[in-house]
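> Shown below is the structure under consideration.
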Amino acid sequence: MSDRCLYCGNYFSYNLTIKEIFSLTSIQQDNICPFCRGQLLNLSVDKGCSRCFKPESRTICADCRFWEEKYNIINCHQALFGYNQFIHNYFRQYKRYGDILLADLFLKDLLIWSQNHKFDLVTYIPASKGHKDARGFDPVWEMYHKVFDLKPLLLKIDADKPQAQKNRDERLKTPQTFSCITDEVYPSQTRVLIVDDIYTTGRTILHAKTALKAIGLNDIYTFSLSR
Ligand SMILES: [Zn+2]
Ligand SMILES: [Zn+2]
């Protein structure tokens, strides 16, 4: 099989694995070439924090300890790739320059993760109206809508300045920025997943979780492409 990398534009051949050859489901082509893939830092629970997958944290990381001590929150977060130069450049291209085609760069990885983790309800961290209008699309929705049946549950209020322009301290102190926009009543045991693009301090996810808890949802898991 031959594919073209959505990131660098190079063509690459793709060798099917034995599992894929015998698989009954259709084969998802890869949108990222082996060279670009080689620049990714794969995360897993045995290589990082058990609550959020933060790399290079042998035990529970300082961010997760902070949430537990301050708010009695035990994180249940998973992520695929460590935040490094490649991921930084990718998000600059995708979000800042608005290259919407890059939404599918990690589609295969996200589909594989979704097949191994089951939820009753999946929602996402939305862009604020101002950001969405300026960019022309919602980057998190665009990245995950082919993977999950996304239910829009959260509304983000336009903030004073974007998270990316804030330092760590300012991010931790950001007040609640989400409200819930559903009239539906879900059973409290509903297993919910919130997806986001990048997990930095965990503040955004915490606010989203708080907003969902306010409508009675308690079994909440979170996921981001990068951590
Ligand atoms: Zn490439
Ligand atoms: Zn952690």
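Counting from 1, position 75 in the sequence shown corresponds to residue 86 in this note's numbering; the numbering is continuous, with no gaps.
Glycine included, every Cβ here is placed at the ideal spot set by N, Cα and C.
#1: When the Cα atoms are used, what is the spatial distance from Leu-17 to Asp-160?
#2: When you compare only the Cα positions, how much space is there between Gln-50 and Thr-134?
#3: Please determine whether the Cβ atom of Cys-19 lies at a distance below 7 Å from any heavy atom of ligand 1.
#4: Report the residue from Gln-40, Cys-75 and Leu-122 whose alpha carbon sits nearest the alpha carbon of Ser-61.
#5: If you run the structure through DSSP and keep just helix, strand and coil, what is Ala-73?
#6: My guess is that Gln-200 and Asp-180 are in contact by the Cβ rule of under 8 Å, so how many angstroms apart are they, rounded?
#7: What are the boundary residues of the alpha helix (DSSP H) that includes Val-151?
#8: Where does Asn-53 sit, in a helix, a strand or coil, going by DSSP?
#9: With a cut-off of 8 Å on the beta carbons, I'd call Ala-90 and Leu-54 a contact; round off their distance for me.
#10: Is Asn-86 near ligand 2 - that is, is its Cβ less than 7 Å away from at least one heavy atom of it?
#11: Does any heavy atom of ligand 2 sit closer than 7 Å to the C-beta of Arg-62?
#12: Along the chain, which unbroken stretches of the alpha helix (DSSP H) at least 4 residues long are found entirely within the region 78 to 128?
#13: For Ser-190, which residues in the same chain have their Cβ closer than 8 Å to its Cβ, ignoring the five residues on either side in sequence?
#14: Using a threshold of 7 Å, is the CB atom of Cys-72 nearer than that to any non-hydrogen atom of ligand 1?
#15: Is the closest heavy atom of ligand 2 to the C-beta of Cys-75 under 7 Å?
#16: Using the beta-carbon count (16 or more within 10 Å), is Phe-239 buried or exposed?
#17: Since Thr-193 is in the alpha helix (DSSP H), which residue starts that stretch and which ends it?
#18: By alpha-carbon positions, which one of Ala-145, His-99 and Lys-143 ends up nearest to Tyr-210?
#19: Please state if the CB of Cys-63 and the CB of Gly-213 are separated by a distance shorter than 8 Å.
#20: Going by beta carbon distance, what residues of the same chain come within less than 7 Å of His-218, once the five residues before and after it are set aside?
#21: Should Gly-227 be labelled buried (16 or more other beta-carbon atoms within 10 Å of its own) or exposed?
#22: Report the rounded CA-to-CA distance for Pro-163 versus Ile-192, giving the unit in angstroms.
#23: Could you check the C-alpha separation between Arg-103 and Asn-26 for me, to the nearest Å?
#24: Taking its Cβ as the centre, do 16 or more other Cβ atoms sit within 10 Å of Pro-198, making it buried, or is it exposed?
So, from the listed chains and residues:
#1: 24 Å
#2: 29 Å
#3: Result yes, Cβ under 7 Å from ligand 1.
#4: Cys-75
#5: helix
#6: Between Asp-180 and Gln-200 the Cβ distance is about 37 Å, and since that is not below 8 Å, they are no contact.
#7: 150 to 155
#8: strand
#9: 5 Å
#10: It does: the Cβ of Asn-86 is within 7 Å (strictly closer) of some heavy atom of ligand 2.
#11: yes
#12: 96 to 102 and 118 to 127
#13: Leu-165, Leu-166, Ile-168 and Ala-222
#14: no
#15: Short note on Cys-75: C-beta closer than 7 Å to some heavy atom of ligand 2.
#16: With the chain represented from 12 up to 238, any question about residue 239 goes unanswered, as that position is not in the structure.
#17: Looking at the DSSP string, Thr-193 is not in any alpha helix (DSSP H), and its letter there is neither H nor E.
#18: That would be His-99, whose Cα lies nearest to the Cα of Tyr-210.
#19: A contact, by the Cβ cut-off of 8 Å.
#20: Gln-187, Thr-188 and Phe-189
#21: exposed
#22: 8 Å
#23: 30 Å
#24: exposed
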